[in-house]
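**Q**
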């Protein structure tokens with residue numbers, strides 16, 4: 086009987102799958118840590134001491150910093166919630182027309198320079214968790230050993246570096262938008278990874294190239310839609326490779342990640358399929374998410390000469406399972422006029438595979454079995470339907486209030502793909518699949 | 003063409019401007035008179051101050067020195083070498099600091115402190131008002 090529930094709980098199932106699945110899958114994929122981005126600052130190690138010159142503050146052993154975002158967002162779609170990450174439980178729209186819990190967060194970071202080569206970083210963030218609380222969690226905690234000025238290794242919890250802004254996505258002050266486009270960034274919803282990574286930089290082609298290789302493990306909580314419950318996703322044997330080339334104001338990056346994903350909550354559905362003979366086993370083997378290898382490929386670039394910026398990112402996930410394949414991308418540009426930077430972004434997520442499957446052949450089955458098989462087919466298709474399809478035009482402006490505080494206003498218009506709920510969550514009965522919605526957001530970012 | 007598309011086009015098209023606003027800075031990059039470095043391009047200076055490279059082109063370790071946050075020479079310097087406003091410089095370093103990847107250059111309080119420090123350290127590189135140039139430092 087339980088099997089029939091799959092058809093009935095379409096909304097729950099859609100979400101579960103999505104949250105579990107997508108998260109689970111994609112996230113892991115990339116463990117990247119690449120610090121790629123630019124390389125590494127003038128770092129720690131590079132500074133030989135300047136003994137004897139009293140005027141410069143000596144490098145301090147402990148440094149602290151803080152960052153945060155206070156924001157509200159309004160959605161005109163009351164039958165589902167907009168969230169800025171797939172880890173958030175509630176958002177704007179259904180739960181609250183105006184939500185302060187979508188974009189708001191506060192973070193603090195401590196750096197300890199133990200020796201010239203050896204340092205430690207701890208970052209704690211308070212943001213909306215999968216259970217909708219704001220209890221602080223440890224975002225990063227790692228030891229770093231700088232073997233040479235251009236080569237370091239980190240051990241511990243580091244950023245999951247799938248995207249151009251992956252390791253700074255929580256620090257709104259560092260980019261123009263209110264939030265990174267969900268069309269791409271929701272493909273890999275988790276932001277950190279426990280493991281080890283190696284980062285090596287060298288000069289080439291008039292610029293600097295950074296290679297980062299990471300292995301790790303990731304386990305995180307995600308919300309189950311329309312409940313206040315959470316579940317845990319695990320991914321192991323994560324591998325990530327990131328290559329970042331930077332020359333002047335231009336940055337290019339290539340990313341590859343993979344992981345073994347298991348989504349235990351999907352197994353009952355496929356166990357039920359397996360009871361329907363060879364055909365059912367075939368369907369289960371094709372679609373189940375039991376130790377599946379998932380992959381992520383990313384390509385991105387940015388050009389930021391100072392008065393304007395142009396950036397674009399393209400990412401693709403392949404779960405080799407019911408979680409499907411999807412492509413996400415965006416192009417964004419803005420120009421600074423004094424303290425004000427207006428910008429525009431166009432972003433899209435689209436499935437690369439069909440979001441329907443024929444499922445079990447019902448002909449020839451006795452009525453009771455046919456009904457059950459039909460319910461399983463519906464469950465399978467409800468899951469496939471959670472593969473997001475949407476596109477968004479965003480227009481906004483950033484105003485630099487001081488050199489460490491900004492104020493942003495952003496308008497987003499999202500069109501959902503046919504029969505899709507896109508990246509929305511907590512979808513309610515009567516939700517208009519394939520419709521459009523509009524967001525208005527105001528945020529204030531700071532760093533100290 | 004719908005309204006939102008038109009707005010986007012207008013935003014992107016609005017144009018020219020501010021580009022030349024920071025053109026004439028009196029601030030120059032300097033190294034010690036004892037340094038082996040004779041000249042650097044603006045891009046090389048920017049790479050060092052933005053932490054993109056850790057060494058001078060000749061392979062020696064480079065130690066960039068900043069003036070304190072908020073000093074006019076500092077703002078002028080970053081506008082000149084990287085086209086960045088103070089908020090953009092702060093955003094740039096926030097990205098690196100809050101990813102645990104590095105720290106910005108160490109800072110001295112005044113331009114005279116800067117000159118003295120640079121003069122005394124042949125691995126250091128800084129910037130001062132060109133009116134303060136003398137034989138202890140070399141403008142790049």
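Residue numbers (my numbering), protein chains in the order written: chain A, 86 to 533; chain B, 3 to 142. All C-beta atoms in this analysis are idealised placements derived from N, C-alpha and C, irrespective of residue type, glycine included.
For residue 164 of chain A, which three-state DSSP category applies?
**A** In the structure shown, residue 164 of chain A sits in coil (DSSP, three-state: anything other than H, G, I, E or B).
**Q** What does DSSP give as the partner residues of residue 343 of chain A in its beta bridges?
**A** Residue 343 of chain A is bridged to A:324 and A:380.
**Q** So residue 232 of chain A and residue 222 of chain A are supposed to be a Cβ contact under 8 Å. How far apart are they, rounded?
**A** Residue 232 of chain A to residue 222 of chain A, Cβ: 30 Å. No contact.
**Q** So, for residue 503 of chain A: in the same chain, excluding its five sequence neighbours on each side, which residues have a beta-carbon less than 6 Å away from its beta-carbon?
**A** If we look at residue 503 of chain A and ignore the five residues flanking it on each side, its Cβ neighbours are 519.
**Q** Kindly confirm or deny that the region 461-476 of chain A and the region 401-420 of chain A touch, where touching means at least three C-beta pairs closer than 8 Å.
**A** As far as the Cβ criterion goes, the region 461-476 of chain A touches the region 401-420 of chain A, which means the pair count is three or higher.
**Q** Would you call residue 262 of chain A buried or exposed, if buried means 16 or more other Cβ atoms sit within 10 Å of its Cβ?
**A** Per the 10 Å Cβ criterion, buried.
**Q** For residue 365 of chain A, which residues in the same chain have their Cβ closer than 7 Å to its Cβ, ignoring the five residues on either side in sequence?
**A** Here the set comprises 358, 359 and 445.
**Q** Three-state secondary structure (DSSP) at residue 128 of chain B?
**A** The answer is strand: DSSP assigns residue 128 of chain B an E or B state.
**Q** Where do the ends of the beta strand (DSSP E) carrying residue 210 of chain A lie?
**A** Unbroken beta strand (DSSP E) run through residue 210 of chain A: 203-212.
**Q** How about residue 34 of chain B and residue 110 of chain B: do their beta carbons lie closer than 9 Å?
**A** Contact flag unset, no.
**Q** Going by other Cβ atoms of all chains shown within 10 Å of its Cβ, with 16 needed for buried, is residue 208 of chain A buried or exposed?
**A** Label assigned to residue 208 of chain A: buried.
**Q** Is the region 376-389 of chain A touching the region 338-351 of chain A in the sense that three or more CB pairs, one from each, lie closer than 8 Å?
**A** The region 338-351 of chain A is in contact with the region 376-389 of chain A.
**Q** Three Cβ pairs or more, each shorter than 8 Å: is that satisfied between the region 317-335 of chain A and the region 420-434 of chain A?
**A** Flag = no, the region 317-335 of chain A and the region 420-434 of chain A do not touch.
**Q** Compare the C-beta of residue 115 of chain A with all C-beta atoms of chain B and state if any pair is closer than 9 Å.
**A** Bear in mind that a pLDDT of 30 at residue 115 of chain A, under 50, signals an unreliable position, so the number given afterwards is only what the model happens to contain. No, its Cβ sits nowhere closer than 9 Å to a Cβ of chain B.
**Q** When Cβ atoms are compared, which residues of the region 148-171 of chain A fall closer than 8 Å to chain B?
**A** Here the close residues are 148, 150 and 152.
**Q** Any C-beta of chain A sitting closer than 9 Å to the C-beta of residue 88 of chain B?
**A** So yes, residue 88 of chain B belongs to the interface.
**Q** Out of A:204, A:511, A:206 and A:247, point me to the one whose CA is closest to residue 272 of chain A's CA.
**A** Minimum Cα distance to residue 272 of chain A is reached at A:247.
**Q** Which residues of chain B have a Cβ atom closer than 8 Å to the Cβ of residue 229 of chain A, listed in chain order?
**A** Those within 8 Å of residue 229 of chain A in chain B are 102.
**Q** Reducing DSSP to helix, strand and coil, say where residue 152 of chain A ends up.
**A** In the structure shown, residue 152 of chain A sits in a strand (DSSP, three-state: E or B).
**Q** Does any residue of chain A have a CB that is nearer than 9 Å to the CB of residue 49 of chain B?
**A** Taking Cβ atoms only, chain A reaches closer than 9 Å to residue 49 of chain B, which makes this a yes.
**Q** State the Cα-Cα distance for the pair residue 166 of chain A and residue 81 of chain B, rounded to the nearest angstrom.
**A** The alpha-carbon atoms of residue 166 of chain A and residue 81 of chain B are separated by roughly 42 Å.
**Q** Kindly give me the distance between the Cβ atoms of residue 107 of chain B and residue 51 of chain B, rounded to whole angstroms, as I take these residues to be in contact under 8 Å.
**A** Indeed they touch by this definition, with Cβ atoms about 6 Å apart.
**Q** Just list the alpha helix (DSSP H) runs in the region 238-271 of chain A, keeping only unbroken ones of 4 residues or longer that don't cross its boundaries, in chain order.
**A** Counting only runs of 4 or more, we get 267-270.
**Q** Which of the three DSSP states, helix, strand or coil, is assigned to residue 508 of chain A?
**A** Reduced to three states, the DSSP call for residue 508 of chain A is coil.
**Q** With a cut-off of 8 Å, do at least 3 Cβ pairs link the region 172-186 of chain A to the region 195-206 of chain A?
**A** Touching, no.
**Q** Answer with buried or exposed for residue 438 of chain A, where buried requires no fewer than 16 other C-beta atoms within 10 angstroms of its C-beta.
**A** With fewer than 16 other Cβ atoms within 10 Å, it is exposed.
**Q** Measure from the alpha carbon of residue 372 of chain A to the alpha carbon of each residue in A:193, A:168 and A:442, then state which is nearest.
**A** Cα-wise, what sits closest to residue 372 of chain A is A:442.
**Q** Of the residues A:296, A:459 and A:421, which one's Cα is nearest the Cα of residue 482 of chain A?
**A** Out of A:296, A:459 and A:421, A:421 has the C-alpha closest to the C-alpha of residue 482 of chain A.
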